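Residue numbers (full-length UniProt numbering): 1 to 129.
Idealized CB from N, CA, C, for every residue including glycine.
These numbers come from a predicted model, not from an experiment.
Dropping the structure here:
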């Protein structure tokens, strides 16, 4: 996949309720050098964000169980943790720029792994800026 620019203090949080898809996304992030945390719903994601200040990217599915969907989670993260970059994915919903928080990125499933790696590396380069 190529080398990452990820410093050790930079982490990605993958939020996906489907265990197989979550494992694939986590493996992709780890493979290119990112510290990676995982959650199956927004409630777990919020707890991880509260504990791990090194999380700089939220990569979340939209449709999941729990107290909020991925778009609501993305908005909550933008408000509470403004420096966190937001990447949203869905295999069912069409998402417009207006649906996303400022500077949010959308990836339709099935997304090409290379597109995710390119986006993560771009975010890492900005964070290291």
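For residue i, three-class secondary structure by DSSP
i           : result
residue 2   : Interpretation of residue 2 is limited by its pLDDT of 46, a score under 50 that renders its predicted location unreliable; the figure taken from the coordinates is listed afterwards. Coil, per DSSP.
residue 73  : helix
residue 137 : The question about residue 137 has no answer, for the chain in this structure spans 1 to 129.
residue 61  : strand
residue 88  : strand
residue 95  : coil
Cβ pair residue i, residue j closer than 8 angstroms
i           : j           : result
residue 58  : residue 127 : no
residue 84  : residue 56  : yes
residue 86  : residue 65  : no
residue 74  : residue 88  : yes
residue 146 : residue 32  : Given a span of 1 to 129 for the chain in the structure shown, any question on residue 146 remains unanswerable.
Residue environment, residue i, which counts as buried when at least 16 other CB atoms sit within 10 Å
i           : result
residue 90  : buried
residue 30  : exposed
residue 38  : buried
residue 108 : exposed
residue 80  : exposed
residue 36  : buried
residue 28  : buried
residue 60  : buried
residue 78  : buried
residue 13  : buried
Range of the contiguous alpha helix (DSSP H) that encloses residue i
i          : result
residue 24 : 19-31
residue 50 : 42-51
Span of the beta strand (DSSP E), counted from its first residue to its last, around residue i
i          : result
residue 38 : 35-39
For this session: Say whether the region 19-26 touches the region 69-81, bearing in mind that this needs 3 or more beta-carbon pairs closer than 8 angstroms, one atom from each stretch.
Result: no
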